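Novice:
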Amino acid sequence: MTSSEPSEAASDRDLVDAARLGDRGAFEDLVRLNGPLLYRYARRMVTDEGVAAEVVQDTFVAAWRQLTDFRGESSFRTWVFSICSRKITDSRRVKRAQPIDDQLLVPLLPTERDADPMVVVQNSAFLEALELALAELPPRQRACWVLREVEQMTFPQIGEILSMSPDSARGHHHRARTTLGQRLMRWR
Numbered sequence: 001m002t003s004s005e006p007s008e009a010a011s012d013r014d015l016v017d018a019a020r021l022g023d024r025g026a027f028e029d030l031v032r033l034n035g036p037l038l039y040r041y042a043r044r045m046v047t048d049e050g051v052a053a054e055v056v057q058d059t060f061v062a063a064w065r066q067l068t069d070f071r072g073e074s075s076f077r078t079w080v081f082s083i084c085s086r087k088i089t090d091s092r093r094v095k096r097a098q099p100i101d102d103q104l105l106v107p108l109l110p111t112e113r114d115a116d117p118m119v120v121v122q123n124s125a126f127l128e129a130l131e132l133a134l135a136e137l138p139p140r141q142r143a144c145w146v147l148r149e150v151e152q153m154t155f156p157q158i159g160e161i162l163s164m165s166p167d168s169a170r171g172h173h174h175r176a177r178t179t180l181g182q183r184l185m186r187w188r
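Residue numbers for the sequence shown follow full-length UniProt numbering, so the first one is 1 and each next one is one higher.
(1) Would the beta-carbon of residue 159 fall within 7 angstroms of that of residue 143?
(2) Is residue 156 helix, strand or coil by DSSP?
(3) Excluding sequence positions up to five away, which residues of its chain have a Cβ less than 6 angstroms from the Cβ of residue 97?
(4) Along the chain, where does the alpha helix (DSSP H) that runs through residue 36 open and close?
(5) My understanding is that residue 38 touches residue 59, with C-beta atoms under 8 angstroms, so please give their C-beta distance in whole angstroms.
(6) Determine the DSSP secondary structure at residue 185, reduced to helix, strand or coil.
(7) Measuring alpha carbon to alpha carbon, tell me which of 80, 75 and 53 ends up nearest residue 66.
(8) DSSP three-state label for residue 70, please.
(9) On the criterion of 16 or more Cβ atoms from any shown chain inside 10 Å, does residue 145 qualify as buried, or is it exposed?
(10) Would you kindly report the start and end of the unbroken alpha helix (DSSP H) that includes residue 139?
(11) Tell me the rounded alpha-carbon separation between residue 19 and residue 188.
(12) If you draw a straight line from the alpha carbon of residue 136 to that of residue 70, how long is it in whole angstroms?
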């Protein structure tokens, strides 16, 4: 599995280089590779499907326009997530954040047809409480938590995306985990 990571990174670099030269197909490949990840992140941050789709679209438009400015000091994924993060912030200026959609985190749990009904009810109650607790977090804490726990990014990547130091990203994540832990104590 680790042997495929370098070839994927090289592939991203090749796609970026081709896109810089005007190859729209290469950029479309970058969109296909990163679009679902960005949408998942945006959807958790803005909660409205239409706004999330608009944020992702605006992110890729900005990425296309700024592609010549991409220096490659980070991965394309990290760079495009940082653009997306700014677009999410811009969308909040227009409209305040609302609680996360009830069904947003359901795909994170394995589903079994013959699952114990009590477990299903407990999982649903937990997800509902998690969604409410996430919606109450300050935006930077929520962003750090989602990027770390859901998108599995490192603190340096999160810091780059959110324009903060890795230590600051770690601190926001820690505060988010502490707050969520307190609010979700019942499920421990």
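The beta-carbon is built from N, C-alpha and C at its ideal position, and this holds for glycine as well. All figures in this text were calculated on a predicted structure; none of them were measured in a lab.
Specialist: According to the structure shown:
(1) no
(2) helix
(3) In this prediction, residue 97 scores a pLDDT of 43, lower than 50, which makes its location untrustworthy; no coordinate-derived value is stated.
(4) 24-46
(5) 6 angstroms
(6) helix
(7) 80
(8) coil
(9) buried
(10) 139-145
(11) 48 angstroms
(12) 34 angstroms
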